[in-house]
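Asks: Structure provided below as structure tokens; questions to follow.
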Amino acid sequence: MPQQAAPTTPLIDLRSDTVTQPTDAMRRAMFAAPLGDDVLGDDPSVIALEKQVAELLGKPAALFTPSGTMANQLAIRCHTQPGDEVLAHEDSHIIHYETGAPAALSGVMINPLRSERGFFTEHDLRAAVRAPGIHSPASRLVVIENTHNRGGGSVWPVDQLAGVCKTAHELGLSRHLDGARLWNACAATGLSPREIAGHFDTVSVCFSKGLGAPVGSALCGEKDLIDRARRFRKMFGGGMRQSGLLAAAAGHALTHHRERLREDHEHAQILADAVGRSASLRLALPRETNMVFFDVMNPALDAAAFCAALLKHHAIAALPMGTHRVRLVTHLHISAADARRAAEAITRLAGE
Ligand SMILES: *Cc1c(COP(=O)(O)O)cnc(C)c1O
1110 MPQQAAPTTP LIDLRSDTVT QPTDAMRRAM FAAPLGDDVL GDDPSVIALE
1160 KQVAELLGKP AALFTPSGTM ANQLAIRCHT QPGDEVLAHE DSHIIHYETG
1210 APAALSGVMI NPLRSERGFF TEHDLRAAVR APGIHSPASR LVVIENTHNR
1260 GGGSVWPVDQ LAGVCKTAHE LGLSRHLDGA RLWNACAATG LSPREIAGHF
1310 DTVSVCFSKG LGAPVGSALC GEKDLIDRAR RFRKMFGGGM RQSGLLAAAA
1360 GHALTHHRER LREDHEHAQI LADAVGRSAS LRLALPRETN MVFFDVMNPA
1410 LDAAAFCAAL LKHHAIAALP MGTHRVRLVT HLHISAADAR RAAEAITRLA
1460 GE
């Protein structure tokens, strides 16, 4: 927990949807989980989770991983050879937040596509793909992130996504979905997970974001690819033993916490509305799911100072994302009343 000056006021933590604690019911599911040794392939709770998530996404197989980063990197490793090129939006998680892993673990380079809010078009993709030749890296894989984190929790319009994936296939590229927040994209659009996942060869999803599990992600795809990914997971140090304990939490989250993501989106709208009404703040990106990005307009107050004051005086934690940009994320532990209290405090602080 971050340091706060007024410990009597309960902390409202809006830094990320990763800060959630397992609920009592989730802990009971973990306690009751039958366990085995997943590296030896006989942990029944992991096997059950992999089956559950594969079915939900309409893929033949799934692999439980310790993190979303590992799930994405396993996909990149399986789809590429060293020297290949991956096409992804310039604001992608795989570029900004995965420690250079595509270069370190797969020996690939990334061709970043430039456009607004994490989206790109069939035209952008065609323009970026390289013609085969002795001089060029081979364009091999396209990665789409949905919802897009640095794009503001933005949701890909499904027709655009389908068009880009169809074009990618025509161009001979594999297609990976970084679906860390696919559940939020589904809650926002009413589409089922498999309706979105169906456009991709592989999909990674997180259980430890909005769904509220303590640890874990999954990579889903064809059986052959997932068998190879299982081997690479061991190579990357991600083979886990009695991981059914964690898989049980993830399974509980999948069953019980997907429907309620709509509430997170409503609570984010309370925050976005307050930002919109304040003359001292500006909404930096449209609010589409559980994220709100805003700029502090006072040039003398940078985002780090704003967040420090918010924590000190109002017991609200937010994340500075640039000199003047702040990010707020709603989740399982943020009620409508919390969102209203945070909205009040943020606009008051900005106006001072
Ligand atoms: C959080 C996140 C991931 C995975 O992050 P880990 O912390 O490694 O689990 C991947 N992609 C996106 C878009 C994310 O927001």
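For our numbering, count along the sequence shown from 1 and bump the result up by 1109.
The beta carbon of each residue, even a glycine, is placed where N, CA and C say it ideally should be.
#1: DSSP puts residue 1311 in a beta bridge; with which residues?
#2: Using only the heavy atoms of ligand 1, determine whether one of them is closer than 7 Å to the beta carbon of residue 1432.
#3: For residue 1374, collect the residues of the same chain with a Cβ closer than 7 Å to its Cβ; drop the 5 residues on either side in sequence, then sort them by chain order.
#4: So does residue 1326 have its beta carbon nearer than 7 Å to some heavy atom of ligand 1?
#5: By the DSSP assignment, the alpha helix (DSSP H) with residue 1154 in it spans what residues?
#6: With C-beta atoms as the reference, is residue 1260 less than 8 Å away from residue 1394?
#7: How far does the alpha helix (DSSP H) with residue 1293 in it reach, from first residue to last?
#8: Cα-Cα, which of 1347, 1131, 1120, 1118 is closest to residue 1317?
#9: If you reduce the DSSP assignment to three classes, tell me which class residue 1174 lands in.
#10: One question on the structure: do residue 1342 and residue 1172 come within less than 8 Å of each other, judged by their Cβ atoms?
#11: Between which residues of its own chain and residue 1226 is the CB-CB distance below 7 Å, once the five residues before and five after are set aside?
#12: In terms of residues, what are the limits of the alpha helix (DSSP H) holding residue 1094?
#13: Report the three-state DSSP secondary structure of residue 1199 (helix, strand or coil).
#14: Going by C-alpha to C-alpha distance, which of 1365, 1458, 1143, 1382 sits closest to residue 1417?
#15: Is residue 1242 buried or exposed, if buried means 16 or more other CB atoms sit within 10 Å of its CB?
#16: What span of residues does the alpha helix (DSSP H) with residue 1368 cover, start to end?
#17: Can you look up residue 1325 in the DSSP assignment and give me helix, strand or coil?
#18: Comparing alpha-carbon positions, which option in 1282, 1439, 1255, 1351 lies nearest residue 1269?
#19: Which of the three DSSP states, helix, strand or coil, is assigned to residue 1400?
#20: Is it true that the CB of residue 1436 sits closer than 8 Å to the CB of residue 1427?
#21: Helix, strand or coil for residue 1434? Go by DSSP, reduced to three states.
#22: Using the rule of at least 16 other Cβ atoms within 10 Å of the residue's Cβ for burial, across every protein chain shown, is residue 1281 buried or exposed?
#23: Excluding sequence positions up to five away, which residues of its chain have a Cβ less than 7 Å from the Cβ of residue 1347?
#24: Go ahead and pull the three-state DSSP assignment for residue 1244.
#25: Run through DSSP, which three-state label would residue 1238 get?
Replies: Walking through what the data contain:
#1: 1285
#2: no
#3: 1296, 1297, 1398, 1399
#4: yes
#5: 1153–1166
#6: yes
#7: 1291–1298
#8: 1131
#9: strand
#10: yes
#11: 1257, 1260, 1261, 1263, 1394
#12: Any question about residue 1094 goes unanswered here, given that the chain covers just 1110 to 1461.
#13: coil
#14: 1458
#15: exposed
#16: Counting along the chain, residue 1368 falls outside any alpha helix (DSSP H), and DSSP gives it neither H nor E.
#17: coil
#18: 1255
#19: strand
#20: yes
#21: strand
#22: exposed
#23: 1174, 1175, 1179
#24: coil
#25: coil
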